[in-house]
Amino acid sequence: MKKMDIPGLQIIGKKRIQYVISWLAPFLGLMLVLAIFSLMPEVQDRFLRVNNFKSVATQSVIVALGALGMTLIIISGGIDLSAASNIALSSVIVAFAINAGIPPVVAIVFGILTGGLVGFVNGSLITSLRLVPFIVTLGMLGIARGIAKWIAGNQKIDAPLTWVNELMARHPEPPWLLMAPGVWMMIILAVVMAVVLRYTVFGRHVFAVGSNEATARLCGIRTNRTKIIIYSVSGLFCGLSGVMQFSRLTVGDPTVAVGLELDIIAAVVIGGGSLRGGEGSILGSMVGVFIMSFLRNGSTMMGWPNYIQEIIIGAIIIVAVSLDQLRHRRP
Amino acid sequence: MKKMDIPGLQIIGKKRIQYVISWLAPFLGLMLVLAIFSLMPEVQDRFLRVNNFKSVATQSVIVALGALGMTLIIISGGIDLSAASNIALSSVIVAFAINAGIPPVVAIVFGILTGGLVGFVNGSLITSLRLVPFIVTLGMLGIARGIAKWIAGNQKIDAPLTWVNELMARHPEPPWLLMAPGVWMMIILAVVMAVVLRYTVFGRHVFAVGSNEATARLCGIRTNRTKIIIYSVSGLFCGLSGVMQFSRLTVGDPTVAVGLELDIIAAVVIGGGSLRGGEGSILGSMVGVFIMSFLRNGSTMMGWPNYIQEIIIGAIIIVAVSLDQLRHRRP
Amino acid sequence: GKQEQEDTQQEGVKKIQIAVIPKGTTHEFWKTIHAGAVKASRELGVDIIWKGPQKEDDRAQQIMVVEDFINRGVDGIVLAPLDDRALCRPVQDAVRETIPVVIIDSELQGEDFVSFVATDNYKGGVIAARKLGELLGGKGEIFLIRYQEGSASTTKRENGFLDTITSEFPGVSLLVQDQHTGATTETAYQLAENLIGRFPEVEGIFCPNESSTFGTLRALQESRLAGKIKFVGFDSSPKLIQALRDGHIHGLVLQNPMRMGYLGVKQMVLHLRGQSIESRVDTGVYLATRENMDDTEMKNLLEPDFAAYLDR
Amino acid sequence: MIQNQTSSPLLQMKNISKNFGATNALDDVDFELKRGEVHALIGENGAGKSTLVKILSGALKADKGGMLLEDTPYSPSNPLDGRRRGVSMIYQELNLAPHLTVEENIMLGKELHSWGFVRQKEMREKVKEALEFVNHPEISPDVPVGKLSIGARQVVEIARALTGRATVLVMDEPTSSLSQEDSALLFQIIGRLKEQGVSVIYISHFLEEVQEVADSFTVLRDGKKVGSGEIKNVSLEELIRLMVGQKIDEMFPRVEHEVGDELLTLEKLKGIHMQDEVSLSLHRGEIVGLAGLIGAGRTELMRAIFGLDAVVEGSVKIAYLSMSPSSPSQRIRQGMGYLSEDRQGEGLAQSRSLADNITLSHFHPYTRFGFLRLKKRRAAVHDWIRRMKIKARDPDQAVLSLSGGNQQKVALARLLHQEADILLLDEPTRGIDVASKSQIYEWIGQLASLGKAILFVSSYFPELLGICDRIAVFHRGQLVDIRPYSQWTAQGIMAAATTGKAV
Ligand SMILES: Nc1ncnc2c1ncn2[C@@H]1O[C@H](COP(=O)(O)OP(=O)(O)OP(=O)(O)O)[C@@H](O)[C@H]1O
Ligand SMILES: Nc1ncnc2c1ncn2[C@@H]1O[C@H](COP(=O)(O)OP(=O)(O)OP(=O)(O)O)[C@@H](O)[C@H]1O
Ligand SMILES: [Mg+2]
Ligand SMILES: [Mg+2]
């Protein structure tokens, strides 16, 4: 009976703890990874250096940009298996365009738009043929990759060096930038997308479509239009990611990023995205990206053979998501 | 008014057509593929030969065995991304065992049990940690592949030739077999699984779990146990598939079958399996497997460049599933 | 009976059809082999069908390709086997159906093929090791960056390198020797970047193929270490040639893929026409450096003129 | 023997407590069930009824307290345990596997088999019997349940609960989607079960039903037991007083409203899933009721009007303007709103918050340049929670953690929040408690007095008679007759709905 006297206080106390946990949960996995390598005597001094963090940030850009779009898609209850092929295609297009003597800015726009187009086609097929996203994007995985190889003539496209290749330079041109322009772009876009998801009507529609499409339709949301926008935006992100990939490699390589879609999806899911739709966050996905990047970085530094790395990364994916489950368990 | 008088008849008429369509739908895609290549002057005489069909059947065994298990999993609303890694691991185990001088029969049993074990671990993690199958099996994708490479010492394992390698010979030993023993095994197991799904209590429970897990639990089905069995059985199939893979390669190759999980899943989905659970059939999945095999076979025979093949296969996946959608559209 | 018929060389009756099956289709190296094969086919008046496994470097898929060509009934198969064992049975199957097989690039066990045309990969590794040892003056700390698990030809190069370094250059120590880059440039890039972050004291690096060499080159350039760290790579591409010129790469071990493709097809055609051929042809390994890269012979190896033979 | 049976209760639940986070769903509740009795469990929405019976069935675990079944300790760890001890249950939210057929659903978890192989023929017979038993032999055992209407699904669910051999049968609002005819039939069945010695726990918000069928009752309020006893010793007023702590003056309050111009006109409208065309008109300030049995096609009509189903013939006119073909989003902009009968499947985004659900169809008041003003919205939603008496902790709580009736209130709140001119209400009071119901009737009346047009589908004829201006009766997809409410009686509606002929 006594405890009932101050129910308000009790609720606030519990809620605050829950809130803190739910806010921290995505970071737990990251902390764990950072802690593991910081405690390894072989690498701790090297691992925690600013320079290392800078390389990890740069290495993460490509997956991170893909993950921004994938977060949208996964929240809306879809999936995009063609993301990696799309990145490869866009990077080939940029290289092709630059090689053809088109000004770099225009080439970049081409690359991004190519990504957007692929996304738009995905979205249109999904909505008009009423197919599951898994299948449409699985088909697109092959189609986009095939087109990339076709355009590149089954080869790398060697493009002349331009300022585009500075976008992902670890030592950026005006040195006060500190990090590669690509990293800044990633950060800015992540913030933009987080705001879009949380504070715009479109963001709410994305969640509603993912949570219960029938309800969304009933409430007057044009679910098909929303989905097409989602896939197109996600495609644009893949396009940008392709630009970054080109910037990093300095060539347009149609075989790049094979299998990267699983990394991207894993990042989103590690960050709390639910493949059943309706759940996910940009912050979480970014944390997921960094968990994977630091894992790769640390294991390579440790000199672990690749198979050990593969095993550990596999295990960490499971552990990280289990930690995330804590949030959802009822207390 | 009039049409209301004999609603029964009307329904039967409609139902029969629907039934015929629903039975034929999975085959439509296959017919389409066969028709395309039968009309190509370059290959038509060769394509329709018994020998070619035999090769395609042999080439399909590995994916088909994987698809038998995957069908169960997908019907139950899950997914198994680790199937291909599991196949590689099992094939390495068989090679390792034979190499170590263990009798082939025992080596085969080891291989199959390894597959079963991986599946069991998947199932146990999914049920005990209450994680989504996508994540657990994504983690296992890396873990199983890593272990395979570890055991094989980052190299393929050359095992002495034994009768195991005859399992997938295109010209089987007692010639009256006509087809490789592996093909017969695939056929028999497909029939067994079809019967299990349709006529056993277990089969019904698989559908129930996939259709509405909460309901299944409330109806007293031990959903966790059912799921563990599903993943274990599917693992056993992957193990057997690994044995066949070894038989075909004559070496244990830890890098084999990379990305094959997507082929397996695609086959099941082309065959009418729904990734939301509750739908799918063995017959459909087998047709899906053969659609993909004939596509590969035909395109290779035609000598089409790989990128064309990739594009076409991607497109066919989408088209085949669109055809399948016809079934589900309400008349 | 079929062969004699074609021996009479009746124009227009039926051209000889030869399937050329590489390990993959998207590397410059295979492109050049393709060009060589086309060159031979033009000179000899035969048709070739160029077709790799659909997934690069996948043994199982290559077996399917061989089987499918057997079913198509080509006259001969020129094959770069992804595995010296796994491809034995399909090759046997081909021979059983009276389709002769020439092996190029990598070894195949057994005797079922009519000729073997390849680079001595082990020797390539040896040459690279000698060059790097010499560049370092016989002492220093180096990386051996490996390509992919289970790839036979690169493993041979790695072994040749490792054996030579340890036996001939005791002053050189290996900081890293069991890290694999995986198949793509990007993964190689990240691996090299992370390794350099860990071992900034590294003085020399060897990579066993084009993608690992290029990925590592990018990492070196990004870390502003290109040219400072002695770097020996394998195979060529325009970017690698540029790097050689800039002094970012100090040596490239080259094969002669053009010749390999050319000879592979030529041997097959000669065999089909009933002539006797050598059972082993070594196409040679060469070392390109900044100094000799403009010699005509090297130039041809570095930048084979495949545009003349391929449409694009 | 008989005396022995009556002396010790069949089931005792002692000091049961259950918390969901900060919500006290049950607080020290005692409950007793005698052999062969029908025991009504009643209370407001969110009182804890469903939670209590879920603990009994093994679907939930109590935080505190214990149970005795047939004088032996009983603590089921899952529903299978419960069923083994003879506890069978119909859950409040429909619990069917949509892809499985009627037969498979009914036999789920208790398949007849030899060596693991199902004995299909036998089961089919059994299922046919069960469906006949509940008077719905027309439902084919081979139809996937996903293709049935909500009402038919509830019938299937009842059939399923009856096929098992049970000592305790729990029914959580079994009649919420049933027609009165089916309800009456269910009571007969319950009577028969009682004679066979089965004890029934019966949860319902229809208190007349409770008085008709139950022997004894227990009332819960805010997770506490506030009274129990023999039903014959208590009056309806007293039951209500126990439940809500106050008296309700008028069950069906009629608010004065004036019928104005014609607003919605259906001209020979036929949706793709409708059996027959329907013509109907609806005026400003008018409440038109649609009565019928389950499967009469009323939901299909609503869906066609709202643009959820394609229109194949005829037209929908709003204020004399033809507006078809159309989609829900256009309908909403044209001032129409729809409340689905299926709150679980399509009515609510279960995993989203109350705030999102209530404002989903009408974000407009809380946006500036496309950005949401979350604070303002929160305040508004708080208001709705208070007005609708929704039992919820705060606006950010996920809808799936609410009780059934409270979820329904959320769905209704969204429609009211939307400020539509034409309201299509499909079974709006499903699962809502008496007090809230009368409140809702009053609101509907007020909406009419503001000049809105309301189409009100219900299978509970008294409420149609209580608040509608005109009532239309459907029979097998056809509109039988439409008349002012004063020209209908409950029996008249029933006769028209069952026979298709108006008297
Ligand atoms: N899964 C859950 N998580 C959090 N709270 C819950 C959950 N289930 C029920 N509750 C809360 O427990 C309380 C009791 O709910 P319960 O479903 O037992 O009510 P009820 O009496 O059945 O109401 P109704 O008549 O509306 O069905 C409600 O306040 C509800 O919000
Ligand atoms: N017993 C049944 N067997 C098969 N199908 C049924 C049955 N009952 C309803 N249906 C399906 O449902 C449709 C009509 O259901 P609908 O939900 O529109 O009716 P309703 O009048 O709204 O009834 P309810 O009160 O159940 O909502 C029918 O066209 C039919 O397809
Ligand atoms: Mg309830
Ligand atoms: Mg209805």
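Protein chains in written order, with my numbering: chain A, 76 to 406; chain B, 76 to 406; chain C, 488 to 799; chain D, 23 to 525. Ideal Cβ placement from N, Cα and C applies to all residues, glycine included.
Asked                                                                                                               : Found
Cα-Cα separation, Ala219 (chain A) to Pro208 (chain B)                                                              : 27 Å
The beta strand (DSSP E) enclosing Ala44 (chain D), as first and last residue numbers                               : Unbroken run through Ala44 (chain D): none, as it is neither H nor E.
Residue-chain proximity (Ile541 (chain C), chain B), Cβ-Cβ < 8 Å                                                    : The sequence shown places Gln at residue 541 (chain C), not Ile. Closer than 8 Å: yes.
Ser72 (chain D) CB to nearest heavy atom of ligand 3 below 7 Å                                                      : yes
CB of Arg279 (chain B) within 8 Å of CB of Glu179 (chain D), strictly                                               : no
Buried or exposed (CB count within 10 angstroms, at least 16 for buried), Lys397 (chain D)                          : exposed
Chain C within 8 Å of Asn381 (chain A), Cβ atoms only                                                               : yes
Backbone secondary structure at Ile38 (chain D) - three-state DSSP                                                  : strand
Per-residue burial, Ala265 (chain B) [other beta carbons within 10 Å of its own, 16 or more giving buried]          : buried
Straight-line gap, Gly352 (chain B) to Phe122 (chain B) (C-alpha atoms, nearest Å)                                  : 36 Å
Close Cβ partners of Val267 (chain A) (< 7 Å) along its chain, the five nearest in sequence each way excluded       : none
For Ile515 (chain D), three-class secondary structure by DSSP                                                       : helix
Distance cut-off 7 Å: Gln532 (chain D) Cβ against heavy atoms of ligand 3                                           : Because chain D in this structure spans residues 23 to 525, residue 532 (chain D) falls outside the shown range and cannot be described.
Residue from B:Ile150, B:Pro249, B:Val271 whose Cα sits closest to the Cα of Gly346 (chain B)                       : B:Ile150
Gly627 (chain C) - DSSP class collapsed to helix/strand/coil                                                        : strand
Closest by C-alpha distance to Ile447 (chain B), when choosing among B:Asp328, B:Val396, B:Leu272                   : No statement about residue 447 (chain B) is possible, as the shown extent of chain B runs from 76 to 406 and does not include it.
Inter-residue spacing [alpha-carbon to alpha-carbon] between Ala573 (chain C) and Lys510 (chain C)                  : 13 Å
Under 7 Å from the C-beta of Arg576 (chain C): neighbouring residues of chain B                                     : Thr325
Cutoff 6 Å; reference Ala713 (chain C); Cβ partners in own chain excluding five residues on either side             : Leu707, His735
Near ligand 1: Phe122 (chain A) beta-carbon under 7 Å from a heavy atom                                             : no
Neighbouring residues, chain D, relative to Ser356 (chain A) (Cβ below 7 Å)                                         : Near Ser356 (chain A) there are no residues of chain D at all, since even the closest Cβ is about 14 Å away, more than 7 Å.
Beta carbon proximity, Phe3 (chain D) to chain A, threshold 8 Å                                                     : Residue 3 (chain D) lies beyond the stretch modelled for chain D, which goes from 23 to 525, so this question has no answer here.
Residues near Asp503 (chain D) by beta carbon distance below 8 Å, same chain, minus five either side                : Ala494, Val495, Ala518, Ala524
Classification of Ile564 (chain C) by the beta-carbon crowding that lies within 10 angstroms, buried from 16 upward : buried
Proximal residues to Arg175 (chain D) (C-beta, below 7 Å), its chain only, five neighbours per side dropped         : Leu116, Leu118, Val167
Ser425 (chain D) Cβ short of 7 Å to ligand 3 heavy atom set                                                         : yes
Contact the region 157-174 of chain B vs the region 304-323 of chain B: 3+ CB pairs below 8 Å                       : yes
Per-residue burial, Arg187 (chain D) [other beta carbons within 10 Å of its own, 16 or more giving buried]          : exposed
Separation of Val310 (chain D) from Gly12 (chain D), as counted between CA atoms                                    : Here chain D has residues from 23 to 525 only, and residue 12 (chain D) is not among them.
Any non-hydrogen atom of ligand 3 closer than 7 Å to Asp455 (chain D) Cβ                                            : no
C-alpha distance - Lys489 (chain C) paired with Asp534 (chain C), whole-angstrom precision                          : For Lys489 (chain C), the predicted structure reports a pLDDT of 43, less than 50, and the residue's modelled location is therefore unreliable. A value from the coordinates is still provided. Spanning the two alpha carbons is a distance of roughly 17 Å.
Proximity test, Cβ basis, 8 Å: Pro406 (chain A) and chain B                                                         : Because Pro406 (chain A) carries a pLDDT of 33, less than 50, the predicted location of this residue cannot be relied on, and no value is offered for it.
Length-filtered (3 minimum) beta strand (DSSP E) runs lying within the region 468-510 of chain D                    : 475-479, 492-497, 500-506
Residue environment, Met106 (chain B), which counts as buried when at least 16 other CB atoms sit within 10 Å       : exposed
Classification of Arg300 (chain B) by the beta-carbon crowding that lies within 10 angstroms, buried from 16 upward : exposed
Selection from A:Leu252, A:Glu288, A:Thr189 that minimises the alpha carbon distance to Arg374 (chain D)            : A:Glu288
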